[in-house]
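What follows is a short report on a single structure.
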Amino acid sequence: MADCRRIVMIPIDKSGNSKRIFEWYFNKLRKDNDKVILIHVYTVPLMSTPTARFGYSVSLTEWEGVQSSVDKEILQRISEFEELCRGNNLQFKTIYKTGEPGVVICEHAHREHVSLILMGTRGLGKFARALLGSVSKYVILHSGLPVLVMPPDTGGK
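One point on numbering: in the working numbering, the residue at position 15 of the sequence shown is 534, and numbering is uninterrupted.
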């Protein structure tokens, strides 16, 4: 008989929406034989270079220090989600990659044979969303999978 286990992917970031969608999944959607894929994709910012106009550049040592600090923060956040999975007897796998979040999420969703993607939004305004794009929109349009998107908490508004 074929394995009928459901594989659910939950992209995580530093926002509270990641935790909200995880809690929603656990309370409303979880099945005993589910496997959860926790994925975090970090976009490495470009290192600044000095210019005649602005003159200042971050040294490589400063840059590496900032990157190390960011890595520690992200790994701590991932660890929190792993503990939630362990504490709730959820089978899980963690993926931590650098790259374009939407692209990497879609690639790994197919690689891991994901059944459903649950993700939060950052709650960007129209202008910021136009400039930065929307990871959730990209995933909806390019994954070819069911995607459930949790809007930001509006505090009951």
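We put the beta carbon where it would ideally sit given N, CA and C, even for glycine.
Among the candidates the options, whose CA atom is the shortest distance from the CA of residue i?
i, options, result
"L664", "P670, I624, D672", "I624"
"L603", "C523, V560, E542", "E542"
"M669", "I593, S534, I526, R525", "S534"
"I531", "H629, S634, K612", "K612"
"K616", "F545, V563, K550, V633", "V563"
"K591", "Y561, G606, S634, G618", "Y561"
"Y544", "S653, H627, I593, N607", "N607"
"R539", "S655, S653, T640, K656", "T640"
"G674", "Q595, S653, E631, N536", "N536"
"E619", "D672, R605, Q595, Y657", "Y657"
"E626", "C523, I659, R525", "I659"
"V633", "D551, L557, I593", "L557"
Assign residue i to one of three DSSP states: helix, strand, or coil.
i, result
"H559", "strand"
"L651", "Because L651 sits at a pLDDT of 48, beneath the cut-off of 50, its placement in the model cannot be relied upon, and the point is left open."
"G621", "helix"
"G663", "coil"
"E592", "helix"
"E631", "coil"
"G606", "helix"
"M520", "Model confidence at M520 stands at a pLDDT of 44, short of 50, so the residue's coordinates are unreliable and nothing is read from them."
"R539", "helix"
Roughly how far, in whole angstroms, is the beta-carbon of residue i from the beta-carbon of residue j, given that I think they are within contact range, below 8 angstroms?
i, j, result
"L609", "V666", "At roughly 20 angstroms, the Cβ-Cβ gap does not stay under 8 angstroms, so L609 and V666 are not in contact."
"G621", "H661", "7 angstroms"
"D553", "V527", "6 angstroms"
State the beta-bridge partners of residue i as determined by DSSP.
i, result
"I531", "Per DSSP, none; premise fails for I531."
"T613", "L557"
"V668", "M638"
"I526", "K554"
Just checking: is the beta-carbon of residue i within a distance shorter than 8 angstroms of some beta-carbon in chain C?
i, result
"G535", "Among the chains of the structure shown, chain C does not appear; only one protein chain is present."
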